[in-house]
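Undergrad: Let me give you the structure first, and then I'll get to my questions.
In this note's numbering, the protein residues as written are 2 to 502.
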């Protein structure tokens, strides 16, 4: 078997020319993905040798999947699985994908859909095979293609698409159960079928009947609540109305489309309560912070994230996405912190920074910069002094202050909320606290500012475009008139017609 040379280059000689092209393309695609695993050249060469020994001519050959199964749970298995996936846009056409019932935005010349906070995501294939009616599956596939090709900044998040697909899957299952033809003929659907969909939907919601599994990987059945009842049905309506505008549905389907129910958007959940003084002090004292730091095995900055969140009042997503150059001095040595308020579409939003937090973030900058210098040492060594200054300025703008330690060899991806929550929850429960949320720090800061006489406009500014509705909620905690009258009532006892007279 050929071995990769000292520079990690693979030997592809002896493979069919087409297969060589597919492997080169797959390596290029994989290297361009920020959130990726590292493929060792030695394992890649073993895969190449196995492909040659078995006479494989294309990565789309079913034999590749069989070879992947035979590889067991070895480290090379990830290469067997991911290599054909990375080459898929070269070996599979969008028509083939549509016919097979799966959608990949890369196949239509786009990129993976963004996350709910606008962050980049790893490549994902959307499985649509749970939609049994071919006409309905084609509609959702074409809808996904249209959404994938929208301009950057206007493409929907994965969460939005999940709600649409989940709704279409449930619609497919209802039609399969209520129609003799299982809903396979769209020309035969009418208003009566739309009413049948509504009746089933209402029954599922009213009786809290577990929903049918929407894919073979589902582990537990869910039920419709106020929010999913609205979101899933809204997703169905959006897909069908969009398809109608694109002339993809027959005219006879209009009565069905317009007969589907429209459920109201549920009222917002109660806003989080401010933390009590005792709880807050427990969460930020030195012993508690040491316990939190002990959980940070990769020295990502878990305690720095929490203290920034606790004292600066941002949203947790904003804190996790802080850039390397997020802190600095303004005016007469006033520490400042800059964050992106994605929810309000405000970039580089600045506010004064609590000095101890500022000092911690300066130390975190040094740690992250050291990681970047080690990762990009070869690139940096090839630059002159001016070039290195330009590179580091780019790091300050673009690189995360808290880079993920998983599948992030280029250090360009920040840690996710799932990582933070997995460590944060057992930590505060270990302190004897329950039900703490990061958003409560926002409520705590808002209340403290109001209690200290801060103008409402200033509170909104410091917290990042705080809404009037939210501000009114937190202002209730500072209502001196209400507090004074309640104290009079408590002094005399409830029920007195002239309390404390």
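All C-beta atoms in this analysis are idealised placements derived from N, C-alpha and C, irrespective of residue type, glycine included. Keep in mind that this is a model prediction, so the values were computed, not measured.
Beta carbon of residue 267, beta carbon of residue 228: below 8 Å?
TA: A contact, by the Cβ cut-off of 8 Å.
Undergrad: Rounded to the nearest angstrom, how far is the Cβ of residue 11 from that of residue 49, given a contact under 8 Å?
TA: Their Cβ separation, rounded to whole angstroms, is 6 Å, which keeps residue 11 and residue 49 in contact under 8 Å.
Undergrad: In the DSSP assignment, find the unbroken beta strand (DSSP E) run with residue 330 in it and report its ends.
TA: From DSSP, the beta strand (DSSP E) with residue 330 extends over 328-331.
Undergrad: In three-state terms, what does DSSP make of residue 58?
TA: Three-state result, residue 58: coil.
Undergrad: Tell me whether the beta-carbon of residue 90 lies closer than 8 Å to the beta-carbon of residue 68.
TA: Cβ atoms of residue 90 and residue 68: not closer than 8 Å.
Undergrad: Find out if the Cβ-Cβ distance for the pair residue 88, residue 27 is shorter than 8 Å.
TA: The answer is yes: Cβ separation under 8 Å.
Undergrad: Pull up the distance between the alpha-carbon of residue 246 and that of residue 147, whole angstroms please.
TA: Going from the Cα of residue 246 to the Cα of residue 147 covers about 12 Å.
Undergrad: Could you tell me which residues DSSP puts in a beta bridge with residue 401?
TA: Paired residues: 324.
Undergrad: As a quick exercise: from 385, 302, 287, 153, pick the residue whose alpha carbon is nearest that of residue 372.
TA: Ranking 385, 302, 287, 153 by Cα distance to residue 372 puts 302 first.
Undergrad: What is the rounded straight-line gap between the Cα of residue 385 and the Cα of residue 392?
TA: Approximately 10 Å, taken between the alpha carbons.
Undergrad: Where DSSP assigns a beta bridge to residue 104, which residues make up the other side?
TA: Looking at the DSSP assignment, residue 104 forms a beta bridge with 127.
Undergrad: With the cut-off set at 8 Å, would you say residue 257 and residue 230 are in Cβ contact?
TA: No, Cβ-Cβ distance for residue 257 and residue 230 is not below 8 Å.
Undergrad: For residue 267, which residues does DSSP report across the bridge?
TA: BP columns for residue 267 are empty, so no partner.
Undergrad: State yes or no: is the C-beta of residue 233 within less than 8 Å of the C-beta of residue 162?
TA: Taking 8 Å as the Cβ cut-off, residue 233 and residue 162 do not qualify as a contacting pair.
Undergrad: Confirm, please, whether the CB-CB distance from residue 23 to residue 92 is below 8 Å.
TA: Yes, the pair counts as a contact, with Cβ atoms nearer than the cut-off.
Undergrad: Note down, in chain order, each residue of its chain lying with its Cβ closer than 7 Å to the Cβ of residue 260, except the 5 sequence neighbours on either side.
TA: So the list reads 192, 195, 196, once near-sequence residues are dropped.
Undergrad: Whole angstroms is fine: what's the gap from residue 454's alpha carbon to residue 448's?
TA: When rounded, the distance between both Cα atoms is 10 Å.
Undergrad: Give me the residue from 440, 95, 65 with the minimum Cα distance to residue 310.
TA: The residue with the shortest Cα to Cα distance from residue 310 is 440.
Undergrad: Is it buried or exposed for residue 288, if we count other Cβ within 10 angstroms and need 16 for buried?
TA: The residue is exposed, with fewer than 16 neighbouring Cβ atoms inside 10 Å.
Undergrad: Say whether the region 317-336 touches the region 410-427, bearing in mind that this needs 3 or more beta-carbon pairs closer than 8 Å, one atom from each stretch.
TA: Contact holds: three or more Cβ-Cβ distances are below 8 Å.
Undergrad: Reducing DSSP to helix, strand and coil, say where residue 415 ends up.
TA: If DSSP states are grouped into helix, strand and coil, residue 415 belongs with the strands.
Undergrad: Taking the alpha-carbon of residue 203 as reference, which of 264, 174, 255, 181 has the nearest alpha-carbon?
TA: Ranking the options by Cα distance to residue 203, first place goes to 264.
Undergrad: Per DSSP, which one or two residues make a beta bridge with residue 352?
TA: BP columns for residue 352 point to 338.
Undergrad: Around the C-beta of residue 106, are 16 or more other C-beta atoms found within 10 angstroms, so that it is buried, or is it exposed?
TA: The residue is buried, with at least 16 neighbouring Cβ atoms inside 10 Å.
Undergrad: My guess is that residue 429 and residue 241 are in contact by the Cβ rule of under 8 Å, so how many angstroms apart are they, rounded?
TA: With 8 Å as the limit, residue 429 and residue 241 do not qualify as a contact, their Cβ atoms being about 45 Å apart.
Undergrad: From the DSSP output, which residues share a beta bridge with residue 512?
TA: With the chain covering 2 to 502 only, the question about residue 512 has no answer from this structure.
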